[in-house]
Amino acid sequence: MRYWDKIRNYFYKQNLEGRLKSLNVKHDIINLNDAKTVGILYDSTNPENDTVIAAYAQQLRGQNKQVEILGFVNDKKIDTKTGVTIFNKKNLSWTLAPEDERVNQFADKPFDLLLGCFIGENLPLEFITRISKARWRVGAYIENKTDCFDMMVNVSSKAELPYLLQQTTYFLNQIKYDQK
Numbered sequence: 000m001r002y003w004d005k006i007r008n009y010f011y012k013q014n015l016e017g018r019l020k021s022l023n024v025k026h027d028i029i030n031l032n033d034a035k036t037v038g039i040l041y042d043s044t045n046p047e048n049d050t051v052i053a054a055y056a057q058q059l060r061g062q063n064k065q066v067e068i069l070g071f072v073n074d075k076k077i078d079t080k081t082g083v084t085i086f087n088k089k090n091l092s093w094t095l096a097p098e099d100e101r102v103n104q105f106a107d108k109p110f111d112l113l114l115g116c117f118i119g120e121n122l123p124l125e126f127i128t129r130i131s132k133a134r135w136r137v138g139a140y141i142e143n144k145t146d147c148f149d150m151m152v153n154v155s156s157k158a159e160l161p162y163l164l165q166q167t168t169y170f171l172n173q174i175k176y177d178q179k
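In terms of numbering that gives the first Met the number 0, the sequence shown has 174 at position 175, counting the first letter as 1, and numbering is strictly consecutive.
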């Protein structure tokens, strides 16, 4: 790792820890059927992901769920996309932590379920996942990022967004618990 990256990562972690200290969220298991509100975070850099996420969100809305989507574009030129709220590299601090009111509003919403629909390291989206006030956070398994999610899905055999969504849906539908 380059020296600059080490410095950036140090201050990224300091920023994150500062935000987490003031965060008081009770995480509680929930299955897909019982979730009424769903937040979806995804990497919108690849336009194919937009199509996959839009279809998945429509499927969830068909199940009478309120769905909100926030996408990250790893670019400075793209500011808007139809049907989805996005932020880009211009909305990041030098540590790669998001600095945008839309991001803060999304993170402050107490979703029943937050789906981290990205595979591999993505510091801006990981930051949002960590500070989210969502009840239950689900995403792809990344060995050194187990603190990002409450439930992780291993997609190493097929690291593609449609497969992640398929597996996430399957496992969320398998969750059984006693409701209080």
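C-beta atoms are modelled at their ideal positions from N, C-alpha and C, and glycine is treated no differently. None of the values given here were measured: they were computed from a predicted structure.
Residue burial classification, residue i (beta-carbon count within 10 angstroms, cutoff 16)
i: Tyr-41; result: buried
i: Gly-82; result: exposed
i: Tyr-11; result: buried
i: Asn-103; result: exposed
i: Asp-111; result: buried
i: Glu-120; result: exposed
i: Leu-31; result: buried
i: Glu-125; result: buried
i: Gly-19; result: The question names Gly, yet the displayed sequence has Leu at residue 19. It counts as exposed.
i: Asp-78; result: exposed
i: Ile-6; result: exposed
i: Thr-50; result: exposed
i: Pro-46; result: exposed
i: Ala-34; result: buried
i: Gly-115; result: buried
i: Pro-123; result: buried
Contact under 8 Å by Cβ, residue i with residue j
i: Leu-69; j: Phe-105; result: yes
i: Gln-173; j: Val-152; result: no
i: Asp-74; j: Thr-44; result: yes
i: Phe-117; j: Arg-101; result: no
i: Ile-39; j: Ala-54; result: no
i: Leu-171; j: Val-137; result: yes
i: Asn-8; j: Ala-96; result: no
i: Leu-59; j: Val-37; result: yes
Residue i, DSSP secondary structure in three states
i: Arg-136; result: strand
i: Glu-159; result: coil
i: Glu-100; result: helix
i: Ile-68; result: strand
i: Lys-108; result: coil
i: Lys-89; result: helix
i: Ile-141; result: coil
i: Glu-50; result: Strictly speaking, residue 50 in this sequence is Thr, with Glu absent from that position. Helix at Thr-50.
i: Asp-27; result: coil
i: Tyr-169; result: helix
i: Lys-119; result: Strictly speaking, residue 119 in this sequence is Gly, with Lys absent from that position. In the structure shown, Gly-119 sits in coil (DSSP, three-state: anything other than H, G, I, E or B).
i: Tyr-55; result: helix
i: Lys-76; result: coil
i: Gly-38; result: strand
Cutoff 8 Å: residue i Cβ touching any chain D Cβ
i: Asp-49; result: Protein chains in the displayed structure number just one, and chain D is not present.
### Query
If we count Cβ pairs, one from each stretch, closer than 8 Å, do we get three or more for the segment 17 to 32 versus the segment 131 to 145?
yes
inquiry  = Count Cβ pairs between the segment 136 to 153 and the segment 60 to 80 that sit closer than 8 Å; are there 3 or more?
reply    = no
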